[in-house]
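Encoded as structure tokens, the structure appears first; notes follow it.
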Amino acid sequence: MSGSSPDRLFTARLEDMVQRCSRTGTCVFSRFLDERQCAEAELWCRRNTGGLLYRFWGGFGEARRKILAIYPDYAADYIIEEFPIVCLTFTFRKEDRLTHRDFLGSFMAEQLKREVIGDIVVGEGAAQAIVSDTAAKLLLTSVSRIGRAGVRVTDSRPFELEVEQKFQDIGGTAASLRLDCIVAVAANVSRENAAKLIRSEKVEVNHFTVTSVSHELREGDVLSVRGSGRFIFSGASGSTRSGRLHILLRKFI
């Protein structure tokens, strides 16, 4: 497995969080982390936080982008309330078909960095964004349009939009549950080309780069193939007369 440990700068930031929490006895928070960073930080925290506690939170249960908190045990009962995040609600005309990209582009145009912006969920006539408290102050006063559409923004509503993830089911057969066999089905390429993708560090399993073609997938693993998308491996169900396994992947769309 390659890329399974955080880079030095990321590790240094985690070390600094632990040191500050130990020194001051207060809760310490990161910026928003993506899914891979959360996975890396989770592994690091298991081994390096000592008697301190840690938790990830992104404003709602299904959030992909989250903030890491490292905190003393006395704060365990109320740590969620301490996270420096705000839920902003944007309302607009239902006929204005706004997208995640529209909102993120408008936020970035306000000179905000991606690390202060969490998940953005867009519905019909409304969207909600989880952002840092400092970013919220700016967006509440400066954003009146997203793209060409007028919007109204408030911080007075809790997160309430339904997070709907759509999937495309992809079935196929594979000689085994080895990574090269599964990638071949996911990317619709030959097993040989799947192996090249893996060895070129273009494949991730559960947010970590894997370079071993013989790595075996387990049901529920999240597979990412650069250029082909993200998938959940739903496992194998039976076999063909020739002994190949029937497998199912669910592609994020």
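Residues -17 to 235, numbered by my numbering, are exactly what the sequence shown covers, in order.
Beta carbons: idealized from backbone N, C-alpha and C, even for Gly.
query	result
Quick check: the stretch 219 to 233 against the stretch 148 to 159, are at least 3 beta-carbon pairs closer than 8 Å?	yes
Decide yes or no for the touch test of the stretch 193 to 211 against the stretch 26 to 42: beta carbon pairs closer than 8 Å, at least 3 of them.	no
Just the Cα atoms here: how many angstroms apart are Glu64 and Glu(-3)?	21 Å
How many angstroms separate the CA atom of Met90 from the CA atom of Arg37?	27 Å
If we ignore side chains and look at the alpha-carbon of each, how far apart do Pro54 and Asn30 end up?	14 Å
Measuring straight from C-alpha to C-alpha, what distance separates Tyr56 and Gly33?	12 Å
Which residue's Cα is closest to the Cα of Arg18: Arg134, Val10, Leu50, Arg5?	Leu50
Would the beta-carbon of Val135 fall within 8 Å of that of Leu70?	yes
Taking just the CA atoms, how far does Lys76 sit from Glu198?	46 Å
Under DSSP, the beta strand (DSSP E) around His82 begins and ends at which residues?	Here His82 belongs to no beta strand (DSSP E); instead the alpha helix (DSSP H) covers 82 to 91.
Looking at the structure shown, is Ser206 part of a helix, part of a strand, or coil, going by DSSP?	strand
Given a cut-off of 8 Å on the beta-carbon distance, is the pair Gln110 and Leu143 in contact?	yes
Leaving out five residues before and five after Thr81 in sequence, what residues of the same chain have Cβ atoms less than 7 Å from its Cβ?	Val104
Roughly how many angstroms separate the alpha carbons of Cys163 and Ile180, rounded to a whole number?	11 Å
Quick one: is Gly220 buried, meaning 16 or more other Cβ sit within 10 Å of its Cβ, or exposed?	exposed
Quick check on DSSP: helix, strand or coil for Gln19?	helix
Please name the residue or residues paired with Ile36 in a DSSP beta bridge.	The sequence shown places Tyr at residue 36, rather than the Ile named in the question. For Tyr36, which the question treats as bridged, DSSP gives the partners Ile52.
Count the other CB atoms, across all protein chains shown, that sit within 10 Å of the CB of Phe234; report buried if there are 16 or more and exposed otherwise.	exposed
Helix, strand or coil for Lys148? Go by DSSP, reduced to three states.	coil
Counting only the same chain and skipping the five closest in sequence on each side, list residues whose C-beta sits under 6 Å from that of Glu186.	Ser206
What is the C-beta distance between Ile99 and Phe14, in whole angstroms, given that I count them as a contact (C-beta under 8 Å)?	6 Å
Whole angstroms are fine: how far does the CA of Asp16 sit from the CA of Gly(-15)?	Reliability of the predicted coordinates at Gly(-15) is poor, the pLDDT of 46 falling under 50, and the value obtained from them is presented with this limitation in mind. The straight-line gap from Cα to Cα measures roughly 15 Å.
Between Glu183 and Arg173, what straight-line distance do the alpha-carbon atoms span, to the nearest angstrom?	16 Å
Let's see if you can read the secondary structure: which residues bound the beta strand (DSSP E) around Ser114?	108 to 114
Consult DSSP for Leu120 and reduce its assignment to one of helix, strand or coil.	helix
Going straight from the alpha carbon of Thr6 to that of Cys27, what length do you get?	19 Å
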